[in-house]
Structures are given as C-alpha cells and as structure tokens.
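Residue numbers (my numbering): 75 to 273. Take a look at the structure set out below.
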C-alpha cells in the first residue's frame, strides 16, 4: 500500500488542506490519505490551540465525502510532544513495513526539515512530498547536501492547486464576524458557528 499522511493542527481544516491532499493522492497514485490532527506540535507550544475534540470532529466532517480520505486520532491519544518519527513508526506497525508512507508538507517546511527530530532517520523511513506554495523558493541543493542519497530517493517536490488559505486568517475572520464561506466546507462552517469557536 501507498499511504499519504497529512498532519497539522487543523484549527480549522480548510479547502487548502483538502485540495492539496487530493492533488497529491492523484499525482502519486496513493491508496488513501490519512489526516492526523496534531496534539502538541513542538513548534506551536506558545500558541493556544482549540480543544482536541473540536479539531478532530471538524477534520472528520471535512473529509467524510471523499472515500480515499481517513482520519486518525493517534497523535491525540499520545502523551507528551508529537514527533513525526513516532507517528511513522506507529503507522509501520499498523500497516506493515512494506507499506510506503508519503508525508505531505509545504515547501516552506522543506527548508527546515533538517531541524526536525531525528531528521535523517525519518527521511530514510518514509517519503516526503513538498508541495510548492506561491512565493516560497526553497534551496533544494542544501536539503540534498544534508540528507544525501535519501533526499534524491525520498524527497519529492510537486505543484498543487494554489489555494492560499490560512487557518490563522479564518480564525481572525470569525473573531471579526466576517464570512468564511468558500474557505472551509459548509459543514465545518456550520460546526464553527454552532460550537461558537474562535469568538
């Protein structure tokens, strides 16, 4: 099997996440995309994050119309900080070592990949798909120099639909009582309003 992994706080999940996941699934002929809401990402410890059950529910609502999309709460069940390597190791236990994992990241994250926890081990164990974003120019030669042969075999770059949508902007729009229509699925928009999130 070939499984794509899209992790994030999904606070809230939006059409940018969904369009990117579907494009990557098609380009790389993946069997499914696994959306994994993060518990406590090490790089977001200083920001207040919406309660886990809300983020998990919104992710499930947003993805349920696509038969190739699944949601896992494995990182929410884990105590302590969430590291990608822990998730990759757990997924290999669940699906078997022969399953290929494709971790989807933004091109801006690619530049920082060498700073991730156990980065070389991580890239050796799974593929990374860096989706290009408007205005982000990544020096891939520096990435290739750090990771060596693993970079050429396991790090891929791909252009995906240019939906420049930000969860931060969505939260701010809700706070200002402005419309978020067409930024998130309607069912997520209704959930945010019903639960009075981001106000």
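By construction, the Cβ of each residue, glycine as well, lies at the ideal position given by its N, Cα and C atoms.
Taking the alpha carbon of residue i as the point to measure from, which residue in the options has its own alpha carbon closest?
i, options, result
"residue 84", "133, 206, 272 and 190", "133"
"residue 137", "245, 189, 200 and 111", "111"
"residue 198", "158, 82 and 168", "158"
"residue 141", "222, 218, 177 and 109", "109"
"residue 143", "185, 126, 76 and 181", "76"
"residue 103", "122, 78 and 123", "78"
Go to residue i, then tell me how far its beta strand (DSSP E) extends in each direction, as first and last residue.
i, result
"residue 202", "201-206"
"residue 110", "106-111"
"residue 231", "229-233"
Under three-state DSSP, which class holds residue i?
i, result
"residue 94", "helix"
"residue 79", "strand"
"residue 145", "strand"
"residue 258", "strand"
"residue 238", "coil"
"residue 155", "coil"
Leaving out the 5 sequence neighbours to the left and right, which residues in its chain are closer than 7 Å to residue i when beta-carbon positions are compared?
i, result
"residue 262", "86, 87, 132, 135 and 136"
"residue 193", "187"
Starting from residue i and walking both ways along the alpha helix (DSSP H), at which residues does that stretch end?
i, result
"residue 173", "Unbroken run through residue 173: none, as it is neither H nor E."
"residue 183", "181-184"
"residue 88", "First-last for residue 88: undefined, no H or E at that position."
"residue 221", "214-221"
In chain order, what residues of the same chain have a beta carbon less than 6 Å from the beta carbon of residue i, not counting five sequence neighbours either side?
i, result
"residue 231", "204"
"residue 229", "202"
"residue 212", "181, 184 and 185"
Distance cutoff 8 Å, beta carbons only. Does residue i sit that close to anything in chain B?
i, result
"residue 87", "Of the chains in the structure shown, none is chain B; there is only one protein chain."
Taking 8 Å as the limit between beta carbons, can you name the residues of its chain near residue i, skipping five residues before and five after?
i, result
"residue 164", "148"
ask   = Do the region 87-103 and the region 233-242 meet, that is, are 3 or more Cβ pairs less than 8 Å apart?
value = Two segments are said to touch when three or more pairs of C-beta atoms, one from each, lie closer than 8 Å; by this definition the region 87-103 touches the region 233-242.
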